[in-house]
Structure formats: C-alpha cells, structure tokens
C-alpha cells in the first residue's frame, strides 16, 4: 500500500506485468494499492490498527515508525531476513540497523536513497567565469561564504552595472540544514544537539541538549543574514521581482538539497550550471525513518511479504518498472542503448506511468533511469550511495522524543518566536543593533514561556535512552 495519485494512468499495465514477473520469481501475486497522499494519511493508520490485513505498506512521517512499532503494528523483519531477505539486510551497515531497533527488533526497511543531508549550491558557471571566481573552495555551509559573497557582488556590479539591485543568491534554503548542522528531535530548534565534527556550540559536546535560538551561533547567523541582505547578496523580499531570479543571468548561485548531479543547463539556456556539495555531509535518524517499507503485524504471509520486499530492493527490473514503466510501452533504448522515455511516457507532463524517485518502492540505487534523471552512467545514484557511506552520524540515532510532558511549553514558545524568527533568519532588520535587540527580546520571551523546561525534558529523556542502550 503506497501513496501516489499522479502519473499512474497505466496501473493496469504495470499490475499485469508484475503479476507475470512475480509468478515466475516467487509464485505469488503482489497487488498494488496506490492512493493519494491525503487518503493515505487519513485511512492507513486506521487500517493498520483495526486488524485489517495490509501485508506490505509504506511507512512515512504520517505513520511514525517508532510509535507504531511500539504499538505492535509491524512485524519484526529481523526475524525473517536471514532466510528470506539477505539482500535487504545488506542495504545498510550495523550502525543504521541498530538505530532502528525498537524493543530489540527492527520493524521497517528504510528506502535506500539520499539518506543524508546532501547540501550545497548550484552556480552560474558563465557569471563565475566572467568574474574569475573560484566557486569550489571546500566550504561546509553558506555561513563560511560571507566574505566571498560580499566581494562577489561588488565584482558583479562593477563588471555588469545593469545587474545592480538584483540579488546574488536566488534561494539560500532557510536556516537548517544549509546554514547549520544540528540534531533535532521534533521540537524545532528549541532543543538540539551538536553533530560530531559539525559543532555549532562546541562547548556543549554532542550529548548536551541546548536551545539553538539562545546561542551565540544563532545570533551570529542572524547578523550574517542581515549583512548579506544589506550588501544585496540576499533579497529583503524576493516577491518584488517580476521573474524568478533563479533563471536570471545576474544570479550567481542557488541553494541545493539532495542533488548529486545536475544537467549543464538545469535552469534553461540563460546560463550554464555546475553543482557543489558542501563538505562534511551528515545525517540523523529522520533520514531513515521518514521513508520505509514495513510488514503489517496482521499479515498472514509475513515470509512471502519479506520475499517480495527482497525483490523490490534487489531486482533492477522490478525497481525500474515501478519508476518508469515497461520497455516498449513507456520507454525505449536509443541507438547507443541508452534509456529514453517514449510512447506512453513521451509527454512527461502527462505520462502513463512515471514515479521518480518512487521512495515507496524501495531501493532507488538499483533503478535504471534516463540520463536526464540520473546523469551519465547513473552517476547521480552512484554518488548518492557514496555520500550515504561517508555521512557523519548524529549522536542519538534511534532516539525518539515523547513530547507529551512539554506540549504546553512547545506551544507557548512557538507563539513567542513568531514575531521575530522569520525576520531574523531572513536578514530583514535594518541594522546589527536591531538584530541584537530582537534576539534579546525573543530569548527573554522564550525563557518566560518555558524554554528551559523543554531543554531539561529532552535532556532527561536522552540520558535515560542512553542508559538503556
């Protein structure tokens, strides 16, 4: 059972092909039950807890892995995989699997995709060349680029005075995770921990919980944003421009999330594009539990379900069919043997079957895709796997916060920051003095509304979790 409402006109064709293939491979039938995201969110949790048999299902943020596993909704797959799913077991290292244990067992298989924060930027190679800028200096985030960006806009406006008044950056992707790396626990930035090797508050170590909004690092981030807006690097308000500045030749870069490869002209013919991924890629538990496949605890055929899950995650034919459809019907090979969307998928805005990434269908890295989707020789998927292996792990993989004891404080603190946060993190105050005053006022209101209690409660639960590991 998955969620997907669009681009599934040819469901009957895909179902027939699956029937034939699974009969040959496993002598069973696998029925696809796609629904739109709203129906999935509304109906599947009820079905899951009512005793209705679902067999295989998508687990996402609407069906909290830890909470539903604790309620007995899923079948423990680690009791099945040695016999029926060795390929699934090999998808991730022991550290990842250990972080997914609930009561000593593993109840879901994460989708192997970009399971880490692959952050960076896409830059205008034509403009960078004209200004003789070195765009690849090993930065770990936008915060390290301030001096470079301020100098770059001066150079741009001197060489191209017609660009004056246009921002240098189209979209810097907010605050987290492009500007700062931190381990969050579902309570925004009111209670976080440092990421090893990416510490924003080094004096705290990696096990001490703190409120990021009350740190010097947050204050400096807001001051940096104010300086960048003042210099014209960032726009005070992007909505005032008649066109999307991302497509303008005056733009030097645009924030990127999840990209490992891009086309040379990602944003059209106005300029050539190149991709840079920030150093020190990292991850946390949410990158694994937000997209998973599980077996319903009420399944009458858990062994068969495990065998199907094995095929979904290890068989390139099935993985490709579920994303791009059938060869001859939805795609063909050109004279060089390369995959091209065609026939029923010729119109990509109205295809017969097109599900990219298709995270509800398991392992993405074995999918064969057209070069326009995955790059030459599948380099995008290859690099994605590399970043997953290199990613720094957060210190509390597997910890899940119970917010019940602090619901009132969370609500009050969210209200308290409302009048300040967006203006602060988007650099909309006129001066550094105004920034400092706003931060001071916001911190005072956070304290008044129980921010210390939030930090204390999260710390208490983490300490108890670590003691029980």
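Numbering (my numbering), first residue to last: 185 to 653. Note that the Cβ used here is the ideal one computed from N, Cα and C, for glycine as well.
Residue i and residue j closer than 8 Å at C-beta
{"i": "residue 312", "j": "residue 436", "result": "yes"}
{"i": "residue 301", "j": "residue 361", "result": "yes"}
{"i": "residue 334", "j": "residue 417", "result": "yes"}
{"i": "residue 577", "j": "residue 554", "result": "no"}
{"i": "residue 477", "j": "residue 240", "result": "yes"}
{"i": "residue 634", "j": "residue 593", "result": "yes"}
{"i": "residue 415", "j": "residue 294", "result": "no"}
{"i": "residue 375", "j": "residue 642", "result": "yes"}
{"i": "residue 521", "j": "residue 194", "result": "no"}
{"i": "residue 429", "j": "residue 356", "result": "no"}
{"i": "residue 546", "j": "residue 497", "result": "yes"}
{"i": "residue 169", "j": "residue 486", "result": "Outside the shown range of the chain, which is 185 to 653, sits residue 169, and nothing can be said about it."}
{"i": "residue 403", "j": "residue 330", "result": "no"}
{"i": "residue 552", "j": "residue 500", "result": "yes"}
Contact belief for residue i with residue j at Cβ below 8 Å, rounded distance in angstroms
{"i": "residue 479", "j": "residue 258", "result": "6 Å"}
{"i": "residue 548", "j": "residue 296", "result": "6 Å"}
{"i": "residue 413", "j": "residue 611", "result": "4 Å"}
{"i": "residue 252", "j": "residue 284", "result": "So it is not a contact: roughly 13 Å between Cβ atoms."}
{"i": "residue 601", "j": "residue 397", "result": "7 Å"}
{"i": "residue 290", "j": "residue 261", "result": "6 Å"}
{"i": "residue 490", "j": "residue 191", "result": "At roughly 29 Å, the Cβ-Cβ gap does not stay under 8 Å, so residue 490 and residue 191 are not in contact."}
{"i": "residue 201", "j": "residue 510", "result": "6 Å"}
{"i": "residue 513", "j": "residue 527", "result": "6 Å"}
{"i": "residue 550", "j": "residue 590", "result": "No, residue 550 and residue 590 are not in contact; Cβ-Cβ is about 42 Å, not under 8 Å."}
Sequence-distant residues of its chain with Cβ nearer than 6 Å to residue i (five each side left out)
{"i": "residue 495", "result": "502"}
{"i": "residue 339", "result": "315"}
{"i": "residue 359", "result": "609"}
{"i": "residue 292", "result": "243, 249, 476 and 478"}
{"i": "residue 225", "result": "246"}
{"i": "residue 322", "result": "463"}
{"i": "residue 616", "result": "407"}
{"i": "residue 468", "result": "367 and 578"}
{"i": "residue 140", "result": "The requested residue 140 is not part of the displayed model; the chain covers only 185 to 653."}
{"i": "residue 565", "result": "549 and 558"}
{"i": "residue 581", "result": "283 and 469"}
{"i": "residue 649", "result": "583"}
{"i": "residue 627", "result": "398"}
Same chain only: Cβ atoms within 7 Å of residue i, ignoring 5 sequence neighbours per side
{"i": "residue 567", "result": "444 and 445"}
{"i": "residue 456", "result": "309, 310, 448 and 449"}
{"i": "residue 388", "result": "378 and 394"}
{"i": "residue 347", "result": "340, 341 and 434"}
{"i": "residue 574", "result": "465"}
{"i": "residue 390", "result": "377, 378, 380 and 579"}
{"i": "residue 256", "result": "481"}
{"i": "residue 439", "result": "305, 355, 356, 357 and 362"}
{"i": "residue 420", "result": "413 and 612"}
{"i": "residue 203", "result": "213"}
{"i": "residue 451", "result": "430, 431 and 457"}
Closer than 8 Å to chain D by CB, residue i
{"i": "residue 590", "result": "Included in the structure is just one protein chain, with no chain D present."}
When the options are compared against residue i, the one with the closest alpha-carbon
{"i": "residue 694", "options": "608, 303, 630 and 635", "result": "Because the chain is modelled from 185 through 653, residue 694 falls outside the range shown and cannot be assessed."}
{"i": "residue 369", "options": "358, 388 and 393", "result": "393"}
{"i": "residue 351", "options": "288, 423 and 293", "result": "423"}
{"i": "residue 441", "options": "303, 207 and 636", "result": "303"}
{"i": "residue 459", "options": "247, 647, 319 and 284", "result": "319"}
{"i": "residue 470", "options": "204, 651, 649 and 298", "result": "298"}
{"i": "residue 569", "options": "488, 465 and 544", "result": "465"}
{"i": "residue 328", "options": "384, 373 and 289", "result": "384"}
{"i": "residue 326", "options": "461, 426, 627 and 614", "result": "461"}
{"i": "residue 721", "options": "504, 523 and 288", "result": "Here the chain comprises residues numbered 185 to 653, so residue 721 is not present and cannot be evaluated."}
{"i": "residue 606", "options": "651, 650 and 409", "result": "409"}
{"i": "residue 473", "options": "343, 484 and 544", "result": "544"}
{"i": "residue 209", "options": "488, 636 and 626", "result": "488"}
{"i": "residue 324", "options": "332, 382 and 618", "result": "382"}
Same chain only: Cβ atoms within 8 Å of residue i, ignoring 5 sequence neighbours per side
{"i": "residue 645", "result": "583, 585 and 586"}
{"i": "residue 206", "result": "212, 213, 214, 492 and 495"}
{"i": "residue 596", "result": "633 and 634"}
{"i": "residue 598", "result": "372"}
{"i": "residue 571", "result": "298, 300, 302, 444, 461 and 465"}
{"i": "residue 254", "result": "286 and 287"}
Near the ligand MG: residue i beta-carbon under 7 Å from a heavy atom
{"i": "residue 346", "result": "In terms of ligand content, the structure shown is empty, and the ligand MG therefore cannot be addressed."}
Does the pairing of the region 275 to 292 with the region 515 to 522 give three or more beta-carbon distances under 8 Å? no
Using 8 Å as the cut-off, can you tell me whether the region 556 to 566 makes contact with the region 207 to 225, which would need three or more C-beta pairs spanning the two stretches below that distance? no
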